[in-house]
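*Asks:* Here you go, one structure.
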Amino acid sequence: MSARSLVLVVLLTVCGSHQVQAQFLHPKIKSNETKIRRVIVLPAKVNVVRDSMKGPEGMAAESDELSLRVEKMVAEVLSKKKNVTTLSTTTATGEGDADQKYNVADFQTKFDDLLPKIMKKRSDVKKGRFSMGDEVLNLNLEKGADAVVFIRGEGKKLSGGKTAFTLLVGGVPAYLRLQIGIVDARSGEVLLYTDPIFPGDPTTAVDRLRKALEKAFKKLPEVKAQ
Amino acid sequence: MFPRKPTSLIVAALCFCILFTSSGPVALAQKKTAPVEATPPPLREEFKFGEVDLEVLEQSDLLDVRFERDGLVLADESANAFLRRVGQSLIPRDVELERVSWKFRALRDPQPNAFALPNGSIYVTTGLLTLIDNESQLAAIIAHELTHVMRRHTYVHNRSNRKKFLSMNVMSAIGAFAPGGVVGAVITIVTTVAPFIMMATIYGYSRDLEREADLKGIDMMISAEYAPEEMVNVMKLLDKDFEGENIRLFYNDHPSLDERIKYLSSYLGSRADRVTHQMELNRERAAYFRNMESVMRHDIQLAIKAGRARSAVYLAQRLVDFHDDSENLFWLAESYRTLGPRAPQLTDKELTNSAKKDAAKKSVKRTAEEEERDLLATPAGKDNWEKHQKIAEQFYQRAFNAENPVPVAHRGLGMLYEKVGRGTDAAAEYEKYLELSPSAIDRERIQRRIEALKEKLK
Chain A
84 MSARSLVLVV LLTVCGSHQV QAQFLHPKIK SNETKIRRVI VLPAKVNVVR DSMKGPEGMA
144 AESDELSLRV EKMVAEVLSK KKNVTTLSTT TATGEGDADQ KYNVADFQTK FDDLLPKIMK
204 KRSDVKKGRF SMGDEVLNLN LEKGADAVVF IRGEGKKLSG GKTAFTLLVG GVPAYLRLQI
264 GIVDARSGEV LLYTDPIFPG DPTTAVDRLR KALEKAFKKL PEVKAQ
Chain B
5 MFPRKPTSLI VAALCFCILF TSSGPVALAQ KKTAPVEATP PPLREEFKFG EVDLEVLEQS
65 DLLDVRFERD GLVLADESAN AFLRRVGQSL IPRDVELERV SWKFRALRDP QPNAFALPNG
125 SIYVTTGLLT LIDNESQLAA IIAHELTHVM RRHTYVHNRS NRKKFLSMNV MSAIGAFAPG
185 GVVGAVITIV TTVAPFIMMA TIYGYSRDLE READLKGIDM MISAEYAPEE MVNVMKLLDK
245 DFEGENIRLF YNDHPSLDER IKYLSSYLGS RADRVTHQME LNRERAAYFR NMESVMRHDI
305 QLAIKAGRAR SAVYLAQRLV DFHDDSENLF WLAESYRTLG PRAPQLTDKE LTNSAKKDAA
365 KKSVKRTAEE EERDLLATPA GKDNWEKHQK IAEQFYQRAF NAENPVPVAH RGLGMLYEKV
425 GRGTDAAAEY EKYLELSPSA IDRERIQRRI EALKEKLK
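So the sequence lines, in the order shown, correspond to chains A and B. Heads up, the first sequence is in the working numbering, so the first residue is 84 and it goes up one at a time. Heads up, the second sequence is in the working numbering, so the first residue is 5 and it goes up one at a time.
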């Protein structure tokens, strides 16, 4: 078992049915210099695999469905708990001409590139170390947007056989782990990073997901209702 | 998968050559002879679809949709038509394959690679299309991939893997090796949809299957009248490592490049009397560059975005050598500007496995800006930076002086001036850019930069 898996097992075992999340805020958010009132949520990329005794199997359709659910749930939690409005835009989904599609795709990739660096030292978000640069303006999103939300996730669903095997022998149980970054829509600075994780079948998670997200955004200052 | 590294089947290759050459006089009279019965037939006629195979097929179709949806397929109709023409010319006539619909597409990925899905979708990355020299080399790549589909290698490999229970470690292997950038995007998609396909198409098939694809590929090239020796040359190109990447991502667990060159050369030696005339190849090269110029520009842009500045400089220089128009000169200038304090080439020491591993570890710890800052703190880094900024400036100037100058060169020069602290010049260049290109996609970004510079200069 790799070190990564071991950490995950320990984390999920210790926490049992509870959710775990870490939140890191940019100093500008803490000092209220920057306020997040309106956001654009870019399409989430949440991937789930089904782990059976024959090995992992892709769950493309379920992953797509879960991605959409997480995306909506993030918008809902931000709106209900923090009064943050989610702006709807077709440019964010990369619809339209090929250049816009490439633009969004490349920006999503840029976040994927930055993610391992954030993960290596998440607490540095608090020092304002991470930025995606002013290229974020090339996305030509809504003018009123204060921030862009990037969502990544990975999860595992176990087959019956694998569940029994895990109970008897040990191993990584079913789980969902999200990685959410909120990036300033003008400067590209990473304003917030949070990575909720919770055990259980990710494909059926609704309430568990909502609760995990509510906890994940707990430190984000609430803005006044508009 | 178009592999280049590892393991030995040299004994088998030598036995094969001895057997073949001793079985009768070698046909040396013709340059491109008809295929002889040296490799298995092009199709696996006995193949019958099972439930497991249909699942793989379904996942392949999903992959096509995902690549398209996530903006990874290059929407360049002329480039895709070119790929299609080369691909179709290689497929033997009268070949009808059950559940295969041929598609040939360019994938927006600066990492050189190609792979085939069992449903007949062949993807060649822009990184590979930009690296190769001519149509015959492209034919070599596609012929290799076509063989994987025609001989049903993905299904065979999948069945074998399931039996062997090898898939168990697929996810950890992917987790350990998946690099960042667009390459990472492709891998993530394939992993989600079909981990088995991931192992076969991206990481490579078994050595036997790869060897079969190499040899059948040569047969197909000869039949389609492509210069078969370009299969060997493309192997050599694939061995270029500009970025010192730790991962032999696409080429691990395969016959090593040297061995492949040996067995391919032996196979070729028994089938052709001479190599194609250099003049013919040069003509082919010029035609290829004309067809692929827009793809090459796109790839250089991707390489710059992915921080592959050394590759970008090499590829942009090749493009400028072919056609020094304003846009190509601009891309060369951009590549040098991005190269910044980095050395233009890695040293032998930096190309050792341990150095690559160290570099990979460091790259996770540092952002691109931090890496640049650290390098600038060294005398060598500072020298490189000054040298590359000068070269970049010269190429921007050449881009202005060329016919039909591209406005983006003003933006590039503005960024260069901003970096070296020439605020007034930078603002002037940005303004020129916006004046010449009023509906630029990055208008707001540049306007903000102008405002910030003016504020600073007050």
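We treat Cβ as the ideally placed atom computed from N, Cα and C, and that holds for glycine.
(1) Which of the three DSSP states, helix, strand or coil, is assigned to Arg97/B?
(2) Decide if Met283/B is buried, meaning its Cβ has at least 16 other Cβ atoms within 10 Å, or exposed.
(3) To the nearest angstrom, how far is the alpha carbon of Asp74/B from that of Lys184/A?
(4) Among the residues of its own chain, which have a CB less than 6 Å from the CB of Tyr209/B, if the five just before and after it don't count?
(5) Helix, strand or coil for Tyr437/B, going by three-state DSSP, please let me know.
(6) Going by CA-CA distance only, name the one from Val324/B, Ala384/B and Asp329/B that's closest to Gly344/B.
(7) Given that a residue counts as buried once 16 or more other Cβ atoms are within 10 Å of its Cβ, and exposed if not, what is Met142/A?
(8) Quick check: what's the CA-CA separation for Gly238/A versus Arg152/A?
(9) My guess is that Ala337/B and Ala403/B are in contact by the Cβ rule of under 8 Å, so how many angstroms apart are they, rounded?
(10) Can you check whether the C-beta of Glu154/A is within less than 9 Å of a C-beta belonging to chain B?
(11) Between which two residues does the alpha helix (DSSP H) carrying Leu134/B extend?
(12) DSSP three-state call for Glu249/B: helix, strand or coil?
(13) Counting only beta-carbon separations shorter than 9 Å, does Val128/B have a partner in chain A?
(14) Are the beta-carbon atoms of Val157/A and Ile280/A separated by less than 9 Å?
(15) With respect to the alpha helix (DSSP H) encompassing Leu213/A, which residues constitute its N-terminal and C-terminal limits?
(16) Counting only beta-carbon separations shorter than 9 Å, does Gln393/B have a partner in chain A?
(17) Which residues, in chain order, does the stretch 201-234 of chain A contribute to contact with chain B at a C-beta distance below 9 Å?
(18) Please tell me whether Asp284/A has its Cβ less than 9 Å away from any Cβ of chain B.
(19) Please classify Ser298/B as buried or exposed, where buried requires at least 16 other C-beta atoms within 10 Å of its C-beta.
(20) Inspect the beta-carbon positions of Pro513/B and Asp303/B and report whether they are closer than 9 Å.
(21) Residues in the same chain with beta-carbon distance under 7 Å from Lys198/A, minus the five sequence neighbours each way, listed in chain order, please.
(22) Ordered along the chain, which non-local residues of its own chain (more than five positions away) have a Cβ less than 7 Å from that of Pro116/B?
(23) Here's a check: name, in chain order, each residue in its chain whose Cβ is nearer than 8 Å to the Cβ of Ala406/B, leaving out the five neighbours to either side.
(24) What are the boundary residues of the beta strand (DSSP E) that includes Gly236/A?
(25) Regarding Ile201/A and the ligand SAH, is the C-beta to nearest heavy atom distance less than 8 Å?
(26) Determine the direct distance from the alpha carbon of Pro285/A to that of Asp352/B, and round the result to whole angstroms.
(27) Using C-beta distances below 7 Å, list every residue in its chain close to Ala299/A, excluding the 5 sequence neighbours before and after it, in chain order.
(28) Measure the CB-CB distance between Tyr400/B and Gly425/B and report whether it falls below 9 Å.
(29) Could you tell me the alpha carbon to alpha carbon distance between Glu433/B and His148/B, rounded to whole angstroms?
(30) Verify the CB distance criterion: does Arg269/A have a CB-CB separation below 9 Å to chain B?
(31) Counting only C-beta atoms, is Leu87/B closer than 9 Å to chain A at any point?
(32) Using three-state DSSP, classify Ile226/B as helix, strand or coil.
(33) Does any CB atom of chain A fall closer than 9 Å to the CB of Leu306/B?
(34) Can you tell me whether DSSP reads Asn84/B as helix, strand or coil?
(35) Can you list, in chain order, the residues of its chain with a C-beta nearer than 7 Å to that of Pro304/A? Leave out the 5 residues immediately preceding and following it.
(36) What does DSSP give as the partner residues of Phe281/A in its beta bridges?
*Replies:* Let's see:
(1) coil
(2) exposed
(3) 8 Å
(4) Excluding residues within five positions, the ones whose Cβ falls inside 6 Å are His157 and His161.
(5) helix
(6) Ala384/B
(7) buried
(8) 14 Å
(9) 6 Å
(10) no
(11) This sequence places Thr at residue 134/B; Leu is not what is there. That run of the alpha helix (DSSP H) goes Thr130 to Leu135.
(12) Residue state, collapsed to three classes: coil.
(13) Chain A, which has no Cβ nearer than 9 Å to the Cβ of Val128/B, makes this no.
(14) No, the Cβ-Cβ distance between Val157/A and Ile280/A is not below 9 Å.
(15) According to the sequence provided, residue 213/A is Phe. The question's Leu does not apply to it. Per DSSP, Phe213/A is not a residue of any alpha helix (DSSP H), being assigned neither H nor E.
(16) Among the residues facing chain A, Gln393/B is not included, as its CB has no counterpart in that chain under 9 Å away.
(17) Listed by position, the residues of the stretch 201-234 of chain A near chain B (Cβ gap below 9 Å) are Met202, Lys203, Lys204, Arg212, Phe213, Ser214, Gly216, Asp217, Glu218, Val219, Leu220, Asn221, Asn223 and Lys226.
(18) So, not an interface residue.
(19) exposed
(20) As shown, chain B starts at 5 and ends at 462. That puts residue 513/B outside it, with no answer to give.
(21) In the sequence as presented, Lys is not what sits at residue 198/A; that position holds Leu. The answer, listed in chain order, is Arg235 and Gln262.
(22) Thr129, Gly131, Leu132, Leu135 and Leu242
(23) The residues are Asp328, Asp329, Ser330 and Leu333.
(24) Ala230 to Leu241
(25) Looking for the ligand SAH in the displayed structure turns up nothing, as the structure carries no ligands at all.
(26) 47 Å
(27) Gln104, Gln106, Ile263, Thr277 and Pro279
(28) Using a Cβ distance threshold of 9 Å, Tyr400/B and Gly425/B do not count as a contacting pair.
(29) 48 Å
(30) Arg269/A counts as touching chain B.
(31) no
(32) helix
(33) yes
(34) helix
(35) Ile112 and Asn115
(36) Leu259/A
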